[in-house]
Amino acid sequence: MDVIRTNSLTKTYDGKGGIKDVTLSIGEGIVYGFLGPNGSGKSTFVRTLLGLMQPTSGEGFILGEPIGTVKSREQVGYLPELFRYPDWLTGRQLLDAHAELCKIPVRNRNKRIQEVVELVGMTGKEKGRISGFSKGMSQRIGLACAILNDPKVIFLDEPTSALDPIGRKDVRDLMVYLRDQGKTVFLNSHLLQEVESVCDHVSIVHEGELIVQGPWRELMTIEAQVEVVTEGALAAPFPAFVVNYQKGSEQGGRTRWLFQLEQERDIPKILHYLSAQRVNVFEAKPIIPHLEDVFMHWVNHKKESAYVDHR
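Numbered by full-length UniProt numbering, the letters in the sequence shown go through residues 1 to 311 in order.
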């Protein structure tokens, strides 16, 4: 079953900005990355899914229930990017208030609060007043509130933005734990290394439009790249399986090349070709694309297509 599904979902402000015609489906038990430059509509999309904004057109469903309904929010947790809790409360009092709002039975409340406090690394610290919390502690208590009702879907908007490296790893581990429990985590983040480490599937949006979606490792149009250091005369043309190439630095009679190939199995072919050209190969290193490469490829592709002359 699709945990989240949208069909041409649109939210604009006086006909401008927001999100436009977003259609996607997200299954259960995954960490799903929703990526885009600042101002691309990521937060607008999440708020529309949660019913905090009314869509201009289109439709969306969470766990089969129309967005904006009480039922669609009953099994949802949410950590917004910018939040402020009453700072005169202790962390424990805040969690008690959220437990009341979530209608967690009193007999189960203490146990559940202790569970989430431990999960976010706040054991013992939840007794302090929020006014004395650091940014990292505030982020952790916010995460505890987001998962308190044991939701099936968790929306996290920049959850590691205020955390140090240890805190970021703790949040990554928490997302993996939630995924392994069969929950769906919808992650908004501009920290692509963070997303890469926990997400298999992503969507990339730009200027409110969904550019591409799917398993991010499959979203590169170039299947293989290899960096080679050679010695000896070498020049184009190259075989047809070489899609593109870059000639890099030259030092001590050696030249560094970057070859883009049609597919991974062409890597031995390029090495065989170089050997046949009587070129010495001192180093050959396959280049594994990272999420940042995928992101920049598609955003730049979108920008280039926007300037195509249709005359």
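Even glycine gets a Cβ: it sits at the ideal position worked out from N, Cα and C.
For Phe-34, the uninterrupted beta strand (DSSP E) segment begins and ends at 31-35.
In this structure, Val-31 places its C-beta atom within 8 Å of the C-beta atom of Leu-187. Taking a contact to require three or more Cβ pairs closer than 8 Å, the region 23-38 and the region 172-185 qualify as touching. Contact between Gly-167 and Glu-126 does not hold, since their C-beta atoms are separated by about 16 Å, which reaches or exceeds 8 Å. According to the DSSP assignment, Lys-247 belongs to the beta strand (DSSP E) that extends over 242-251. In this structure, the CA atom of Ile-141 is about 33 Å from the CA atom of Tyr-13. Remark: fewer than three beta-carbon pairs, one from each stretch, lie closer than 8 Å, so the region 122-137 and the region 150-160 are not flagged as touching. Each residue's CA atom was taken as its position, placing Val-195 and Ile-211 some 18 Å apart. Contact check for Ile-287 against Val-202 fails: the beta carbons are separated by 8 Å or more. C-alpha of Asn-110 to C-alpha of Arg-73: approximately 23 Å in a straight line. Under DSSP, Tyr-78 takes part in a beta bridge, and its partners are Phe-155.
Excluding its 5 nearest sequence neighbours in each direction, Asn-280 has C-beta neighbours in its own chain below 8 Å: Thr-230, Glu-231, Gly-232, listed in chain order. Ranked by Cα distance from Trp-216, the options Phe-61, Asp-266, Cys-199, Arg-265 are led by Cys-199.
Between Leu-35 and Thr-6, the CB-CB gap reaches or exceeds 8 Å. Nearest in C-alpha terms to Leu-50, of all of Ser-40, Asn-38, Leu-63, is Leu-63.
Restricting attention to Gln-263, Gly-60, Ser-197, the CA atom closest to the CA of Ile-4 is found in Gly-60. Between Glu-207 and Ser-8 the beta-carbon gap is near 17 Å, outside 8 Å, which marks them as no contact. Counting only runs of 3+ residues, the beta strand (DSSP E) found wholly inside the region 183-216 occupies 184-188, 201-206, 209-215, in chain order.
DSSP places Lys-103 outside any alpha helix (DSSP H), giving it a letter other than H or E. In this structure, DSSP gives Arg-84 a state outside helix and strand, which the three-state scheme calls coil. Between Leu-258 and Tyr-245, the C-beta gap is smaller than 8 Å, which places the two residues in contact.
Between the alpha carbons of Met-122 and Pro-105 lies a distance of about 22 Å. Boundaries of the alpha helix (DSSP H) around Ile-141: 135-147.
Taking 8 Å as the cut-off, the beta carbon of Val-116 is found closer than this to the beta carbon of Ile-147. Counting along the chain, the unbroken beta strand (DSSP E) around Leu-9 starts and ends at 4-13. Pairing Met-296 with Gly-33, the inter-Cα distance amounts to about 15 Å. In the DSSP assignment, Thr-230 falls within the beta strand (DSSP E) that extends over 224-231. Short of 6 Å from the beta carbon of Thr-44, and not among the five residues preceding or following it, lie these beta carbons of its own chain, in chain order: Lys-11, Gly-18, Ile-19. Taken atom to atom, the span from the alpha-carbon of Leu-156 to that of Leu-52 is near 15 Å.
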